[in-house]
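I have placed the structure first, in the form of structure tokens, so that the comments after it can refer back to it.
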Amino acid sequence: MKNLWLLSFCTVLISCTAVRQIKDQEIVHKKQCESFDLSDGAIVLKTTIDGKKHDLLVDTGATLTIINDTTVITDLYKKEVGSLGTVVGSDRKNAVARRSVTVDFETTLFESKNKVVTLISKPQSKCGSSSIKGIIGTDCFFGQEDPLFLNFTDGKICLIDQAQMQSRLENKGYREVKSTCSLGKVYIYLTVAGTEHKFTFDTGYTGQIVMPYDEKLNWDNYNRMELDGSAFATAISQTQGTETYFEKVPVLIAGHKLNAKPILSGTIKSQVVGIQFLKGFDWIIDYSNNKVYAKRNHLKIEDLFLQRVQYQVTAKDKLLVTLKERKQTRYNLGDEIVSVNGQKVTPENNCEWQAFLNKTEDWSAIDLQVSPVVKP
């Protein structure tokens with residue numbers, strides 16, 4: 033399942049407390065670099081919040097800095113809490129209230145004694161725990177002169193000065209990317225399958241390219257895989273619908289021609305380019321002049337399906353089929369896996385069976401006992 037942290041904000045009922053918090057917030061930026069490791073498919077920064085260290089994900093698709101685990105905030109009950117209205121996920125279906133507090137906040141790139149953070153709970157998976165406690169949004173970067181340098185070649189995220197930026201632009205082979213900046217977000221333009229589209233530059237999305245399904249798009253010549261069910265985990269919920277995955281689709285960006293694996297989504301309502309595409313370039317985002325530059329690096333952008341999906345399961349109290357290839361008919365969404373190869377599935381071992389089944393491409397070779405979903 034792909035993570036998509038992109039948020040859409042609605043019903044702006046901001047309390048006076050929140051307005052004052054935002055007005056008084058001061059962020060001091062530092063022209064430094066911090067290393068990151070893409071092994072988890074994300075840019076994660078070590079962050080000190082109220083004196084304690086935590087991991088936060090850098091998300092250029094989110095306009096606010098968000099904490100998902102309120103236990104990281106020291107003495108939350110003593111803090112003044114503001115209201116920032118409601119927020120919906122990128123599927124624009126589910127909405128939750130958002131609260132704000134101020135914290136002592138420090139990373140290698142910036143610090144603040146009164147950083148406003150938004151409190152939003154994220155659904156937790158039963159299997160596996162994440163050290164990531166929230167996201168660092170674009171509110172930490174906009175409104176200052178230092179360009180953001182995303183150096184995927186060396187695994188570094190930096191704030192640089194204008195002179196350093198000009199040196200790289202003149203000597204390192206960077207090209208300007210058609211782009212716009214609006215309401216705290218950066219958008220870049222890609223030509224996908226011969227048609228130009230505007231995408232949110234989103235390091236919080238762990239996939240490549242997502243576009244809402246549009247019957248006007250004629251992609252019949254490209255190999256596809258159609259999946260039904262829950263394919264994405266948004267910031268506040270999991271999606272439910274049909275997703276069509278394509279491979280070897282031509283993409284043009286700033287004169288660079290390559291192939292990629294875009295998704296036409298029946299659930300995601302935003303056009304997003306994520307980390308698995310962005311990593312193939314090094315990026316400079318010049319916030320003061322609203323410009324974006326990119327240089328192709330050595331990192332491979334996958335253009336073929338690494339795994340064909342017949343079925344996927346999710347372990348909760350029960351082990352349920354939650355994603356299936358549309359053409360598969362043996363099992364249905366919601367079916368419960370009762371046993372695998374003669375071994376009973378229990379709450380104690382269903383995470384192990386989840387991992388096993390989700391790595392298995394051909395389910396016909398597995399002996400499964402299934403309790404069919406009860407249809408209304």
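Per this note's numbering, numbering through the sequence shown is continuous, rising by one, with the last residue being 408. The C-beta atom is built at its ideal place from N, Cα and C for all residues, glycine as well.
- Note that the region 184 to 201 touches the region 300 to 320; at least 3 beta-carbon pairs, one per stretch, sit closer than 8 Å.
- In the DSSP assignment, Ile220 falls outside any alpha helix (DSSP H) and within the unbroken beta strand (DSSP E) covering 217 to 224.
- For a cut-off of 8 Å, the C-beta gap from Asp335 to Ala286 is around 18 Å, too long to register as a contact.
- Judged by beta-carbon spacing, Thr95 lies beyond the 9 Å limit of Thr139, meaning their Cβ atoms are not closer than that value.
- According to the DSSP assignment, Asp260 belongs to the beta strand (DSSP E) that extends over 256 to 261.
- Put simply, of Asn250, Gln344, Pro244 the residue whose alpha carbon is nearest the alpha carbon of Val305 is Pro244.
- For Phe313, DSSP records a beta bridge to Arg328.
- Taking the Cα of Gln344 as reference, the smallest distance to any Cα among Glu228, Ser162, Trp395, Asp107 is reached at Trp395.
- Runs of beta strand (DSSP E) with 3 or more residues, each lying fully within the region 78 to 159, are found at 84 to 90, 114 to 121, 127 to 138, 142 to 151, listed in chain order.
- Within a 10 Å sphere around the beta-carbon of Asn253 sit fewer than 16 other beta-carbons, which makes this residue exposed.
- From the listed residues Phe309, Lys359, Asn382, the smallest Cα separation to Glu275 is found for Lys359.
- The Cβ atoms of Gly166 and Asp82 do not sit closer than 9 Å to each other.
- Contact annotation: the region 106 to 118 touches the region 133 to 149, with at least three C-beta pairs closer than 8 Å.
- Here the region 231 to 248 does not lie against the region 338 to 354, with fewer than 3 beta-carbon pairs under 8 Å apart.
- Per DSSP, reduced to three states, the secondary structure at Ser269 is coil, with no helix or strand assignment.
- Lys55 carries a helical assignment under DSSP once its states are collapsed to helix, strand and coil.
- For a cut-off of 8 Å, the C-beta gap from Leu88 to Leu77 is around 6 Å, short enough to register as a contact.
- Look at Gln198 here: in three-state DSSP terms it is helix.
- Within the DSSP secondary-structure output, Arg207 pairs in a beta bridge with Ala326.
- Following the DSSP letters along the chain, one finds Phe233 inside the beta strand (DSSP E) bounded by residues 227 to 233.
- Distance between Phe184 and Asp178, taken at the CA atoms: about 19 Å.
- Around the CB of Leu182, 16 or more other CB atoms lie within 10 Å, so the residue is classed as buried.
- As the crow flies, the alpha-carbon of Ser144 is around 11 Å from that of Asp56.
- With contacts defined by Cβ atoms closer than 9 Å, Phe264 and Thr212 do not form a contacting pair.
- Taking every protein chain shown into account, the CB of Pro379 has fewer than 16 other CB atoms within 10 angstroms, so this residue is exposed.
- With a cutoff of 9 Å on beta-carbon distance, Phe68 and Lys188 are scored as near each other.
- Relative to Asp186, the option among Glu66, Ser320, Phe388, Gln53 whose CA is nearest is Glu66.
- Lys323 and Thr223 have their C-alpha atoms roughly 18 Å apart.
- In the three-state reduction of the DSSP assignment, Leu70 falls in the helix class, which pools H, G and I.
- Asp171 carries a helical assignment under DSSP once its states are collapsed to helix, strand and coil.
- Only residues of its own chain outside the window of five on either side were considered, and among them Glu393 have a CB closer than 7 Å to the CB of Gln339, listed in chain order.
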